[in-house]
Amino acid sequence: MKTWLGSSWAVCALAIVLGIFISMSQSAGQVTKGGAASAVERGKYLVSITGCHDCHSPKKDAAGHVDETRPLSGRPATTPAPSTTAGEIHTALDLTAWTGPWGTTYASNLTPDTTTGLLARRYSEASFVAMFRTGKKPNGVGILPPMPYEMYANMTDDDLKAIWAYLQTIKPVRNQVPANVPAPVATAAPIGKK
Ligand code: HEC
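Quick note: the sequence shown uses my numbering, first residue 1095, plus one each step.
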């Protein structure tokens, strides 16, 4: 009897310990899942308030409404560069292409398309954050205007990682953005001086 009681207590104790262990591991799983999901949510929120769509999303009308069929896919491959006038900055109607003293720049495809998006240009979470910190792309080339990376460099690593996480979840759009045409001499002269 004593032995029977003893062993049933042991079974009970084991069940309690196992129960605690299982519920702990489940809640740990939930925390991890919740963390990843909330990073994506935060990234989405940050992208929606920091103007990325202004330059990186093609628009469906001249009032600047984002074309929801291809958000953040960069300068459409098929559209020509804006006009150029010395001493002025020109942009396309959809703000995805720019000409200025630095040359002609085209907003990049930020979608996870593996042939034309960020992944095709050797971006990872680490090199994405590094670009905002150094102003250099993974291939070492400096970021040209008007990408305001110096302003975004004020974001925390967690915020930039959240943006990266969100960008991995958006619709991949195959769009080969035209190559930039940098001006022969980099010009950052003070405005109004020759
Ligand atoms: C005022 C316009 C503008 C805004 C706002 C803007 N970008 Fe850009 N971005 C550009 C342009 C133009 C380029 C291309 C610059 C170049 O290739 O040198 C670029 C390049 C980039 C690149 C480099 C990609 C590559 O091909 O190496 C990344 C990453 C990027 N932008 C992310 C963002 C994110 C994220 C936001 C919002 C937080 C943002 N940009 C907001 C205009 C903008």
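Here a beta-carbon is modelled for each residue, glycine too, at the ideal position from N, C-alpha and C.
Problem - Proximity to P1165 [Cα-Cα], best of A1175, T1172, D1148 - result: It is D1148.
Exercise for the section: Count the other CB atoms, across all protein chains shown, that sit within 10 Å of the CB of A1256; report buried if there are 16 or more and exposed otherwise. Expected result: Counting C-beta atoms within 10 angstroms of its own C-beta, A1256 has 16 or more neighbours from the protein chains shown and is therefore classed as buried.
Problem - R1136, DSSP secondary structure in three states - result: The three-state reading of DSSP puts R1136 in helix, counting H, G and I together.
Problem - M1225 versus Y1243 - alpha carbon distance - result: Cα to Cα, the separation comes out at about 8 Å.
Problem - Whole runs of the beta strand (DSSP E) within the stretch 1167-1229, excluding any shorter than 3 residues - result: For the stretch 1167-1229, the full-length beta strand (DSSP E) segments reaching 3 residues or more read 1191-1194, 1197-1200 along the chain.
Handout entry: Contacts around W1258, its chain only, beta-carbon distance under 6 Å, and the 5 residues preceding and following it disregarded
Key = Same-chain partners within the cutoff: E1219, F1222.
Handout entry: Residues near I1143 in its chain [Cβ-Cβ closer than 8 Å; skip 5 each side]
Key = Cβ within range, chain order: n/a, list empty.
Exercise for the section: Sort R1268, K1265, L1238 by Cα distance to V1275 and report the nearest one. Expected result: The candidate whose alpha carbon is nearest that of V1275 is L1238.
Problem - I1237: CB within 6 Å of a non-hydrogen atom of the ligand HEC - result: True, at least one ligand heavy atom lies under 6 Å from that Cβ.
Exercise for the section: Taking only heavy atoms of the ligand HEC into account, decide whether any of them is closer than 6 Å to the Cβ of K1255. Expected result: No, the Cβ of K1255 stays beyond 6 Å of every heavy atom of the ligand HEC.
Handout entry: Assigned secondary structure, K1255 (DSSP; H/G/I helix, E/B strand, else coil)
Key = Helix at K1255.
Exercise for the section: Take L1261 and list the residues in its own chain whose beta-carbon comes closer than 6 Å to its own, dropping the five residues that flank it on each side. Expected result: Here the set comprises L1204.
Problem - Supposed contact pair A1247 and R1227 - C-beta distance, whole angstroms, cut 8 Å - result: R1227 to A1247, Cβ: 6 Å. Contact.
Problem - Cβ-based neighbour list, S1177, same chain, cut-off 8 Å, excluding 5 preceding and 5 following - result: Same-chain partners within the cutoff: H1184, T1193.
Practice task
Look up V1160 in the DSSP assignment and say whether it is helix, strand or coil.
Solution key: Of the three classes helix, strand and coil, the one that applies to V1160 here is strand, per DSSP.
Practice task
Would you kindly report the start and end of the unbroken alpha helix (DSSP H) that includes D1148?
Solution key: That run of the alpha helix (DSSP H) goes 1146-1150.
Handout entry: Beta-carbon contacts of Q1270 that lie in its chain and below 6 Å, excluding the five residues immediately before and after
Key = In chain order, A1171, T1210 place their CB closer than 6 Å to the CB of Q1270, counting only its own chain and leaving out the 5 sequence neighbours on each side.
Handout entry: Three-way DSSP call (helix, strand, coil) for G1234 in this model
Key = Of the three classes helix, strand and coil, the one that applies to G1234 here is coil, per DSSP.
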